[in-house]
Every structure is written in C-alpha cells, then in structure tokens.
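Take a look at the structure below.
Structure below.
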C-alpha cells in the first residue's frame with residue numbers, strides 16, 4: 211500500500227508474489243491517478259474561466275438590433291437605447307459589402 215500524503219490518495223497492489231514488483235505497479239498507478247487529478251483540476255479551472263468570459267447567449271446580451279423597416283439601429287450597450295440612422299448602410303459597411 212502506498213499513500214500520497216498531500217492528496218491522501220491510497221493505492222494497493224497485490225497482483226504478483228514479488229513485493230518489489232507490487233510496489234512498482236502501485237507507484238505507476240499512483241502516478242496515473244495524480245496526473246488524472248491534476249488534469250481534472252486544470253480542466254475545471256479552464257471551464258470556470260471560460261464560463262466567466264462567454265455569455266449565455268440570451269437575447270438580453272445582444273449588442274445591436276437592426277430594424278430595416280423603420281430604418282433604425284438600436285445600440286443596447288449604451289445606457290439608453292439610442293437610435294442610430296440608416297441600419298442598412300451600417301450592416302453593409304461592417305460586412306465589407308461596399309465594394310460589391
């Protein structure tokens with residue numbers, strides 16, 4: 211039996227009759243478990259950081275609304291919804307469609 215004290219992970223191995231081989235196999239298993247735990251913690255950290263950066267995709271997170279019928283663009287990042295003129299011109303300029 212081998213116990214990793216910092217993480218309190220215990221590995222036992224009694225596959226062979228040789229104590230030295232059992233110890234070697236137990237060390238390999240312990241290394242594997244420690245690596246798996248380290249990768250899992252790194253993945254959880256990365257996932258929590260990513261979820262903080264990426265929005266939920268709700269409609270409330272939109273930046274602009276283009277209303278072509280009334281010819282207005284509402285910018286939702288501003289405190290009040292400011293109406294900007296000529297949304298078709300803004301969309302084509304942003305997409306680089308002016309050259310077509």
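In this note's numbering, the protein residues as written are 211 to 310.
No residue lacks a Cβ here, since even glycine has one placed at the ideal position from N, Cα and C.
Predicted model only: the values in this text are computed from it and were never measured.
Quick check on the burial criterion: 16 or more other C-beta atoms within 10 angstroms. Buried or exposed for residue 310?
With a pLDDT of 49 at residue 310, under the threshold of 50, the modelled position of that residue is not reliable, and no figure is offered here.
If you draw a straight line from the C-alpha of residue 272 to the C-alpha of residue 263, how long is it?
Those two C-alpha atoms are separated by around 15 Å.
Cβ atoms of residue 219 and residue 245: under 8 Å apart, would you say?
The answer is no: Cβ separation not under 8 Å.
For residue 283, count neighbouring C-beta atoms within 10 Å of its own C-beta (all shown protein chains included) and say buried if the count is 16 or more, exposed if not.
Buried is the label assigned to residue 283, since at least 16 other Cβ atoms lie within 10 Å of its Cβ.
Going by Cα to Cα distance, which pick from 299, 258, 259 is closest to residue 276?
Comparing Cα-Cα distances from residue 276 to each of 299, 258, 259, the minimum goes to 299.
Considering just the uninterrupted stretch of the alpha helix (DSSP H) at residue 218, what are its terminal residues?
First-last for residue 218: undefined, no H or E at that position.
Using 8 Å as the threshold, is the C-beta distance between residue 232 and residue 238 below it?
Judged by their CB atoms, residue 232 and residue 238 are not nearer to each other than the 8 Å cut-off.
Residue interval of the beta strand (DSSP E) (run including residue 226):
From DSSP, residue 226 is part of no beta strand (DSSP E); its letter is neither H nor E.
Can you look up residue 274 in the DSSP assignment and give me helix, strand or coil?
Note: residue 274 maps to strand in three-state DSSP.
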